[in-house]
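S.K.: Its first residue numbered 1, the sequence shown is counted upward by one per residue in my numbering.
The beta-carbon is built from N, C-alpha and C at its ideal position, and this holds for glycine as well.
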Amino acid sequence: MLFGLFFGAGNLIFPIHLGQAAGSNVFIANLGFLITAIGLPFLGIIAIGISKTSGLLKLHRVLIKHMLIFSRLPYI
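1) Count the other C-beta atoms from every protein chain shown that fall within 10 angstroms of the C-beta of residue 21, then say buried if there are 16 or more, exposed otherwise.
2) Taking 8 Å as the cut-off, decide whether the C-beta atoms of residue 38 and residue 6 are in contact.
3) Taking a contact to mean a Cβ-Cβ separation below 8 Å, would you say residue 19 touches residue 26 in this structure?
4) Between the C-alpha atoms of residue 16 and residue 8, what's the straight-line distance to the nearest angstrom?
5) On the DSSP letters alone, give me the boundaries of the alpha helix (DSSP H) that residue 25 sits inside.
6) If I follow the unbroken alpha helix (DSSP H) through residue 69, where does it start and stop?
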């Protein structure tokens, strides 16, 4: 799972496309990519480490209504 967070297909293909599309704004594009592709997964790993759980044990506390909304939201 950790390997997929940092070295998924998006982290191998997306930087090349990002560099082509950024043009003269390469520094800002790289900064945004580093924050979202490395920073956010790293914060997730730190949060799971601090909470001392597997990250999936607390899913029963999520309301059914929220699960339905957030699972269908990307398809809208």
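M.R.: So, from the data block:
1) Looking at its Cβ environment, which holds fewer than 16 other Cβ atoms inside 10 Å, residue 21 is exposed.
2) yes
3) yes
4) 14 Å
5) Residue 25 -> no alpha helix (DSSP H), and no H or E assigned at all.
6) 64 to 72
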